[in-house]
Amino acid sequence: MLERRKLVKDLLIDRRDLMVVCGLGSATYDVAAAGDHPLNLYLWGAMGGAAMIGLGLALAKPDRRVAVLTGDGEALMGLGALATIGVKQPGNLVIVVLDNGHYGETGMQASHTHGTTDLVAIAKGCGFPEAFALTDQAGVPRVRELMHTGKGPILVNARISHEETPRVLPVRDGHAIKQRFMQAANARVSA
Amino acid sequence: MDDQTNIRWPDVIYDHFKRVGIRQVGYVPDAGHSRLIKRICDDPEIADVVLTTEEEGVGLVAGAHLGGQRAALLMQSSGVGNCINMFTLVRNMGFPCLVLVTMRGEFAEFNQWQVPMGAITEPVLKLAGFLTYRVEEPGEVDEVVAAACDMAFDGDLAVAVVLSQRLIGRKRWTK
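Chain order of the listed sequences is A and B. Our numbering applies: residue 1 is where the first sequence begins, and numbers increase by one. Our numbering applies: residue 192 is where the second sequence begins, and numbers increase by one.
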């Protein structure tokens, strides 16, 4: 079991011009806690939409890398997106599901991944060329490397513990988040 | 209206997509949009993204815009209902969202299961923050779709073109 804050911080070390879409709730807080960045697209709603935002972005920016960091509940609400992404095969898209098997935002009720649902098997079944579970710290550097160079679409099911973490709240104004993201995404040549 | 105009209205929409530089189109397979979908799938300049549910398309459009590309969504009236919470993205981030909706559940509908959603499609779009423009005749498609494209992409607005069942029903599009 991994600790979510350390995991996300480690994954985003030396992130260069990686674009990061954060699923609402804890994933957004984790990414904010790792350090605010203009290429963080913080979501505060639209549950189930993070992976598809990642797909639209990955198709629009084929020469750039896109990572979607989201929770198991958010991923479960948009499971069909994995089928859609599987059809399009975006080589530059990596989805990391921070999977604690619980809905942290609503009182730690068990999610489907705590029970019978296997997100790795689903991603493989949707045609992701690579999908695997990340269970220990030793595997973290490889995932970080895949985020920057791996042939997508890749799904990493990161098994994290379900202790509650303090909330780290980034900016919530969607227009401001969009504007800042677009300026950085479309101006940068390399970082 | 001559027969060519009756048949070719999806091509008129396609031409406007090309004129304004649309590069991604999300759709759920739909008989009313079948000709337009085929044109898009045949175009290597446009990423055709087949969706499992229409709400995925709202995320797609958001991502495309963030990455500097224009996108559009094709859906049937029932699909509007599937999108409601995901339209949150449009209002909160303020990006252009062009949706072309083929109507079911109205003029000459044979399946009453389409009626409840068809009857509230336009109000739902308006409540979600869309400007809506309805098309009844093939001859109106050009002007209305032109206006919708320009308003969406010049004004960063959410615009829906509602293609009436009467328009689509001019042809026999079901067997």
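C-beta atoms are modelled at their ideal positions from N, C-alpha and C, and glycine is treated no differently.
Residue i in three-state terms, based on DSSP
i: residue 112 of chain A; result: coil
i: residue 162 of chain A; result: coil
i: residue 302 of chain B; result: coil
i: residue 132 of chain A; result: strand
i: residue 222 of chain B; result: coil
i: residue 146 of chain A; result: helix
i: residue 102 of chain A; result: strand
i: residue 243 of chain B; result: coil
i: residue 34 of chain A; result: coil
i: residue 267 of chain B; result: strand
i: residue 262 of chain B; result: strand
i: residue 117 of chain A; result: coil
i: residue 126 of chain A; result: coil
i: residue 89 of chain A; result: coil
i: residue 154 of chain A; result: strand
i: residue 319 of chain B; result: coil
i: residue 296 of chain B; result: coil
Cβ pair residue i, residue j closer than 9 Å
i: residue 217 of chain B; j: residue 240 of chain B; result: yes
i: residue 69 of chain A; j: residue 120 of chain A; result: no
i: residue 310 of chain B; j: residue 360 of chain B; result: no
i: residue 76 of chain A; j: residue 117 of chain A; result: yes
i: residue 352 of chain B; j: residue 335 of chain B; result: yes
i: residue 285 of chain B; j: residue 175 of chain A; result: yes
i: residue 259 of chain B; j: residue 60 of chain A; result: yes
i: residue 36 of chain A; j: residue 170 of chain A; result: yes
i: residue 185 of chain A; j: residue 16 of chain A; result: no
i: residue 19 of chain A; j: residue 39 of chain A; result: yes
i: residue 252 of chain B; j: residue 215 of chain B; result: yes
Nearest residue (CA-CA) to residue i, options the options
i: residue 254 of chain B; options: B/333, B/277, B/317, B/324; result: B/277
i: residue 177 of chain A; options: B/257, B/270, B/355; result: B/257
i: residue 356 of chain B; options: B/332, B/321, B/296; result: B/296
i: residue 12 of chain A; options: A/101, A/172, A/142; result: A/142
i: residue 160 of chain A; options: A/92, A/140, A/167, A/154; result: A/140
i: residue 105 of chain A; options: A/168, A/179, A/34; result: A/168
i: residue 293 of chain B; options: B/223, B/272, B/215; result: B/223
i: residue 172 of chain A; options: A/10, A/7, A/28; result: A/28
i: residue 132 of chain A; options: A/182, A/112, A/95; result: A/95
i: residue 55 of chain A; options: A/138, A/86, A/71; result: A/86
i: residue 24 of chain A; options: A/125, A/51, A/2; result: A/51
i: residue 268 of chain B; options: B/215, B/212, B/237, B/306; result: B/306
i: residue 14 of chain A; options: A/123, A/34, A/98, A/113; result: A/34
Residue-chain proximity (residue i, chain B), Cβ-Cβ < 9 Å
i: residue 165 of chain A; result: no
i: residue 186 of chain A; result: yes
i: residue 84 of chain A; result: yes
i: residue 53 of chain A; result: yes
i: residue 175 of chain A; result: yes
i: residue 181 of chain A; result: yes
i: residue 87 of chain A; result: yes
i: residue 64 of chain A; result: yes
i: residue 47 of chain A; result: yes
i: residue 190 of chain A; result: Unreliable placement is indicated for residue 190 of chain A, whose pLDDT of 48 sits below 50; the coordinate value is still reported in the next sentence. Not an interface residue.
i: residue 50 of chain A; result: yes
i: residue 9 of chain A; result: no
i: residue 178 of chain A; result: yes
i: residue 206 of chain A; result: Outside the modelled stretch of chain A, which goes from 1 to 191, sits residue 206 of chain A, for which no answer is possible.
Cβ-based neighbour list, residue i, same chain, cut-off 6 Å, excluding 5 preceding and 5 following
i: residue 287 of chain B; result: 343, 344, 347
i: residue 201 of chain B; result: 226, 227
i: residue 349 of chain B; result: 281, 288, 320, 321
i: residue 53 of chain A; result: 21
i: residue 81 of chain A; result: 51, 52
i: residue 144 of chain A; result: 11
i: residue 265 of chain B; result: 218, 224, 291
Residues near residue i by beta carbon distance below 7 Å, same chain, minus five either side
i: residue 274 of chain B; result: 245, 246, 249
i: residue 207 of chain B; result: 336, 337, 340
i: residue 110 of chain A; result: 101, 102
i: residue 213 of chain B; result: 237, 261, 262, 263
i: residue 47 of chain A; result: 24, 74, 77
i: residue 45 of chain A; result: 24
Residue-chain proximity (residue i, chain A), Cβ-Cβ < 9 Å
i: residue 246 of chain B; result: yes
i: residue 250 of chain B; result: yes
i: residue 259 of chain B; result: yes
i: residue 353 of chain B; result: no
i: residue 362 of chain B; result: For residue 362 of chain B, the pLDDT reaches just 49, beneath the cut-off of 50, and the residue's location in the model is therefore unreliable, leaving the point undetermined.
i: residue 286 of chain B; result: yes
i: residue 319 of chain B; result: no
i: residue 214 of chain B; result: yes
i: residue 349 of chain B; result: no
i: residue 312 of chain B; result: no
i: residue 290 of chain B; result: no
i: residue 262 of chain B; result: yes
i: residue 293 of chain B; result: no
Cut-off 8 Å between Cβ atoms - residues of its own chain near residue i, not counting five sequence neighbours on either side
i: residue 338 of chain B; result: 324
i: residue 317 of chain B; result: 323
Distance cut-off 8 Å: residue i Cβ against heavy atoms of the ligand HEM
i: residue 252 of chain B; result: Although the ligand HEM was asked about, the structure shown includes no ligands whatsoever.
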